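*Asks:*
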Amino acid sequence: MRRGIVIALAMVVFAGGLVACGADDGSDDGPVTLRWFIFNEPSGGPQKIAERCSQQSGGQYEIEFEYLPAEADQQREQLVRRLGAEDPSLDLLGLDVVWTGEFANAGWIAPVPASTARTVSANVFSSVLQTARFEGRLFTVPIWSNTQLLWYRKDLVPTAPETWDEMIDMAERIGPARGRIQIQGNRYEGLVVWVNQLIESAGTQVLAGPTEVRLEEAATKRALEIVGRLSRSPVAAPNLTTSNEDSARLGFEAGNSAFQINYPFVHPSARSNAPEIFEQMAAAQFPAVTAGTPGRPPIGGINIGVSAYSRHQAEAFAATECLVKAENQLEVATLGGLPPVREDLYDQPAMNEEVYPGYADEIREAIRNGAARPSESPAYQDLSLAIQRAVHPTTKIDPRNLDPAYEELRDNVEKAIKREGLL
Amino acid sequence: MRNRSPRAYLASTAALLIVLFYALIPVLWLLSLSFKTPATVSDRKFIPQDVTFENYTSLFAGGLDSALLRPLINSISIALIATVIAVTLAAFTAYAIARLDFPGKTVILAGALAIAMFPPISVVGPLFDMWRTLGLYDTYVGLIIPYLTFALPLAIYTLVAFFREIPWELEQAAQVDGATPWQAFRKIILPLAAPGVFTAAILVFIFAWNDFVFAITLTSSDSARTVPAALAFFTGDSQFTAPTGNIAAAAILVTIPIIVFVLIFQRRIVAGLTAGAVKG
Amino acid sequence: MTAVPAGRKASRKRGGPAKTSDRTKAERKLAYMLCAPAVIVMLLVTVYPILYAIALSVQRVDLRFPEESGFVGLDNYVAVLSSPLWWQDVFNTTLITVVSVSIELVLGLALALIMHRALFGRGLIRTSVLIPYGIVTVVAAFAWFFAFDPSSGFVNSLPFIGEDKSWFGDRGSAFSVIIMTEVWKTTPFMALLLLAGLATIDEGLYEAAKVDGANAWQRFVKITLPLLKPALLVALLFRTLDAFRVFDSIFIMTRGSQDTESVSILAYNQLISRLNLGLGSAVSVLIFIIVLLIAFAFVRGLGTAVPASQGEKK
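Chains as they are written, first to last, in this note's numbering: chain A, 2 to 424; chain B, 2 to 281; chain C, 84 to 397.
(1) I want to see whether chain A comes within less than 8 Å of A97 of chain B, judged by CB atoms only; does it?
(2) Verify the CB distance criterion: does Q267 of chain B have a CB-CB separation below 8 Å to chain C?
(3) Sort A:Y407, A:E421, A:S44 and A:E67 by Cα distance to R215 of chain A and report the nearest one.
(4) Taking only beta-carbon positions, decide if D26 of chain A is within less than 8 Å of chain B.
(5) Of all the alpha helix (DSSP H) runs that stay within the bounds of the stretch 74–135 of chain A, which reach a length of 4 or more residues?
(6) What residue from B:L193, B:A83 and B:L155 has the CA that sits closest to E172 of chain B's CA?
(7) Please name the residues in the stretch 285–318 of chain C whose beta-carbon is closer than 9 Å to at least one beta-carbon of chain B, in chain order.
(8) Verify whether the separation of the beta carbon atoms of A99 of chain B and V205 of chain B is less than 8 Å.
(9) Are the C-beta of R71 of chain B and some C-beta of chain E separated by less than 8 Å?
(10) Which stretch, first to last residue, makes up the alpha helix (DSSP H) that contains M263 of chain C?
(11) Given that D383 of chain A touches chain C, what residues does it touch there, using C-beta distances under 8 Å?
(12) Using a beta-carbon distance below 8 Å, is G23 of chain A in contact with chain B?
(13) Expressed to the nearest angstrom, what Euclidean distance is found between the alpha-carbon atoms of W169 of chain C and F215 of chain B?
(14) Contact check, P288 of chain A vs G296 of chain A under 8 Å by CB: the rounded distance?
(15) Determine which residues of the stretch 230–261 of chain B have a Cβ less than 8 Å from any Cβ of chain A, and write them out in chain order.
(16) Taking the alpha helix (DSSP H) that I167 of chain B falls in, what are its first and last residues?
(17) Below 7 Å CB to CB, which residues in the same chain sit around T180 of chain C once its five sequence neighbours on both sides are set aside?
(18) Hey, does T177 of chain C have any beta-carbon neighbour from chain B nearer than 8 Å?
(19) Would you mind working out which of B:T89, B:D139, B:E170 and B:R269 sits nearest I203 of chain B, comparing C-alpha positions?
(20) For the stretch 229–242 of chain A against the stretch 391–401 of chain A, do three or more pairs of beta-carbon atoms, one drawn from each stretch, fall closer than 8 Å, so that the two count as touching?
(21) Could you give the C-beta distance for A257 of chain C and T129 of chain C, rounded to a whole number, given that I count them as a contact under 8 Å?
(22) Along the stretch 72–93 of chain B, what residues have a CB closer than 7 Å to any CB found in chain C?
(23) Give the residues of chain C in contact with G422 of chain A, contact being defined as C-beta atoms less than 7 Å apart.
(24) Just verifying my parser: in three-state terms, what is the DSSP assignment at D238 of chain B?
(25) Whole angstroms are fine: how far does the CA of F379 of chain C sit from the CA of A156 of chain B?
(26) Give me the subset of the stretch 237–269 of chain C whose CB atoms are less than 7 Å from a CB atom of chain A, sorted by chain position.
(27) Taking Cβ to Cβ, would you say I261 of chain C is nearer than 8 Å to M336 of chain C?
(28) From the beta carbon of P147 of chain B, is the nearest beta carbon of chain C less than 8 Å away?
(29) How many whole angstroms separate the CB atoms of I278 of chain A and A271 of chain A, which I take to be in contact at a CB cut-off of 8 Å?
(30) So is W300 of chain C buried or exposed if we call it buried at 16+ other beta carbons inside 10 Å?
(31) Which value, in whole angstroms, describes the spacing of the CA atoms of E246 of chain A and N263 of chain A?
(32) Nearest-angstrom Cα distance between S376 of chain A and Q76 of chain A?
(33) If you run the structure through DSSP and keep just helix, strand and coil, what is S248 of chain A?
(34) Got a sec, what are the start and stop residues for the beta strand (DSSP E) G296 of chain A sits in?
(35) With DSSP as the reference, label L21 of chain B as helix, strand or coil.
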């Protein structure tokens, strides 16, 4: 009897396990279920086009969603844990543009077949396509992009600044009561974006190859000088060292800021949350480091990868081809304001009228000039953590003595690409 | 004994107010945030200007695919299953320790104490690696097993303390009447032990309900993700907008059952929390 | 159902020589049968994984670079112990532990005395202090995070606090908020343990001391504190080891930035973010060793007996 109870308990425990494991696989009849792991895009755009593609597939596949957290770092943690476990239940992956190298190198995503690659690359911005490649091969398929613009207050700033120094000068003239600059300075991926774009705009890069550091000294110091100057300026947001995209948006909507560097979501947000400020809000290009050269805005967005452990890779690539079709990109742009990766779509009248009222061309230009982060590195995560640790808090960077900051950044990056030590 | 002067009453009232304020302020703040609209969420005011239920309803929009429903079901089921199993196993052990004579008692109790102090982060790496090979990764079982481990010491200590208070003469009487130790355990002791078992169950439930480390490392989809881990999955109006209102609403929803529990069973919880510790 | 004074049930006696040895054997067999499932489950998730962690920690295992695996001896430990980051995080964790446990001890004792002495509303006080105990740590962390958030929190609208104070923007204030959250959440536990300890103290002692002319402070120092010592030490031991594991609140509030990272966050970053199981396991094993040392120091240095020892004495 005692033994009976123990056995019964053991059975309860293991039956639970069987139910949980066995629920997965469908039979061969009917459409194949493709599971798309992506963060829950609030506009519902991805869901809509997935449904459309499932219908159009004529019973070939049916796309289902598995949601990832909202924050990019956490999305990645969820995905890599599953892929590290060689989990076959993942088919389509919504990948941040910077994960391509890591995922491709680890063998977690399948390279895009040549015929698909040709179809999905047509008319796509070359800056965006670069984020989808690893060692010269296309491993992911861009579905939507994203980029940052300089948002400013028309009533405070008659003409938008072209360089960072110019912007800081203008802001300091307005004063901290209304002239603050909102940017992303917390210790997270957003800070890497800022620093990387400055380094690119100053004329160098973080990496020269997947495992080779570039970071030319003069240019890197020029970039760090701007980071230090802005961080120590009275017009820096008081929460600069903890700020992210959303706190920058809130800061700008609160009315004490003349500038913010942010993604286009801030425009509709201001319309509904801060109508008076929205009236005065205008968009310009991401500032440059040196006058006369274009700024190098960041490239964000999502690329679709097909899991190397998926049992339905052919269907998954077919679904990918469908999802990135022009009309579907337009749908996602209309519903959620996510910038298409196809350059030709910006000529559609709806883009400049509804999706990005009056600034569709700014977005196109920003993506065209955009510079990707060093996503070809197979240890991008280590690299990103190392950059974050080197420059955060940005207030520690002394614009008059840049040697320590430069050394620290270079050392950290060198260690990171060798994947040495704790991070 | 006690000083019943007006000053003492005043002091008692003040103490009461301070304690209430201390305990409730963050809960009230969450409650306030959970009723605010996106436009007023950063107004810093304690009383919401426009009250909305949107933060709550949107958590459940879409039924089982919604942000909160599945995690809530998972949380409740996992915590309940872990509680039932932990308390059952602990009751066996506690009975043996409180009642039977056998060598190794101290070893078990000391071992349980050691496990209660064990740092969970030290085992998440190996557990993750073991679970992915065993297929327990992202399943109920994969969470229930570690919860059992870390809840058992708590349950055993609580139950040992309670079982020692049971009038064992009754059991002896039953044994004189010819009952086996097992029958005595089942027929006499279990009914008497029920309150203690119940207390242990509450404590274990709160423990499992509370966990975060295992929940974020050993799950990766809605099939086993619990509420504390699911809070990270909420999205605001856009990818970059913080879902403050939704998080606050979900936080309130998982806090209410605990507050109700506490209100109903506070004596038991206090007794249980202190049972094992003070008698040493 | 409330706590019963220690020693009341010392008189129970069983299994004397009068019993037959068959009976004893049967009893032992039953005892082992009853204990086995719980013991197995407890070992399954602690001893085996910790051995497994030790095995991983002497290998190079990075799930992102599967082909590079191999035995590396103590290299991972060398990498951890020679990293300033590890020592920084050990310091941070120790700081959080020492400061929060000290504050909890003082506050908890005050709360326990209030509950013990309150003329009315005791039930209400007890209920309210149980709320922090019951609240999910992540929820508590979010609640305080939202309260201190400079753009939406109410704290910055309070008098004497700068409108723009960025609480999580510098180390001191970020630590303060993290410690405050820990204190808020766990003081009730401390208070309840101490309250139970207070209940075991004979009121007559106070009366006698009053007659002898001792003032309230003298009574507290000479009677309450010494008699409360066992409860105090147990509470301290539990809370110290619990505080050393601090993870949830830091994860929610700063994710370790502004130098507020704890050793648990460090292990998480290596294990889960980087999937570097070798390096991460070395960190895990070192944390385990530190916890062992703390527990050992408490048990030896402060003479805390395992609370169960009386079970063997009978």
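We treat Cβ as the ideally placed atom computed from N, Cα and C, and that holds for glycine.
The structure presented is a predicted model; accordingly, all values stated were derived computationally and were not measured.
*Replies:* In brief:
(1) For A97 of chain B, no CB of chain A lies under 8 Å from its own CB, so it is not counted at the interface with that chain.
(2) yes
(3) A:Y407
(4) At D26 of chain A, the pLDDT of 44 sits below 50, so the modelled position is not reliable; the number obtained from the coordinates is stated separately. Cβ-Cβ to chain B under 8 Å: no for D26 of chain A.
(5) 101–106, 115–122 and 127–131
(6) Of the candidates B:L193, B:A83 and B:L155, the one whose C-alpha sits nearest the C-alpha of E172 of chain B is B:L193.
(7) E286, Y289, E290, P313, A314, L316, V317 and A318
(8) no
(9) Structure shown: chain E not included; protein chains present are A, B and C.
(10) R254 to A282
(11) Neighbours of D383 of chain A on chain C, chain order: R357.
(12) Confidence at G23 of chain A is low in this model, with a pLDDT of 37, below 50, so the placement of that residue should be treated as unreliable; the coordinate-derived value is given next. Interface residue (Cβ-Cβ distance to chain B less than 8 Å): G23 of chain A is not classified as such.
(13) Roughly 23 Å between the two C-alpha positions.
(14) 5 Å
(15) A233, F234, F235, T236, G237, D238, S239, Q240, F241, T242, A243 and P244
(16) Unbroken run through I167 of chain B: none, as it is neither H nor E.
(17) T323, A326 and F327
(18) no
(19) B:R269
(20) Proximity of the stretch 229–242 of chain A to the stretch 391–401 of chain A meets the contact definition, three or more beta-carbon pairs being nearer than 8 Å.
(21) Not really, about 32 Å apart at Cβ, beyond 8 Å.
(22) L90, A91 and F93
(23) A162 and S166
(24) coil
(25) Straight-line Cα distance between these residues: approximately 23 Å.
(26) D247, S249, F251 and G252
(27) yes
(28) With its beta carbon less than 8 Å from one in chain C, P147 of chain B belongs to the interface.
(29) So it is a contact: roughly 6 Å between Cβ atoms.
(30) So W300 of chain C counts as exposed.
(31) Distance between the alpha carbons of E246 of chain A and N263 of chain A is about 6 Å.
(32) 16 Å
(33) The answer is helix: DSSP assigns S248 of chain A an H, G or I state.
(34) No beta strand (DSSP E) contains G296 of chain A, which DSSP labels as neither H nor E.
(35) Here L21 of chain B sits in helix by DSSP.
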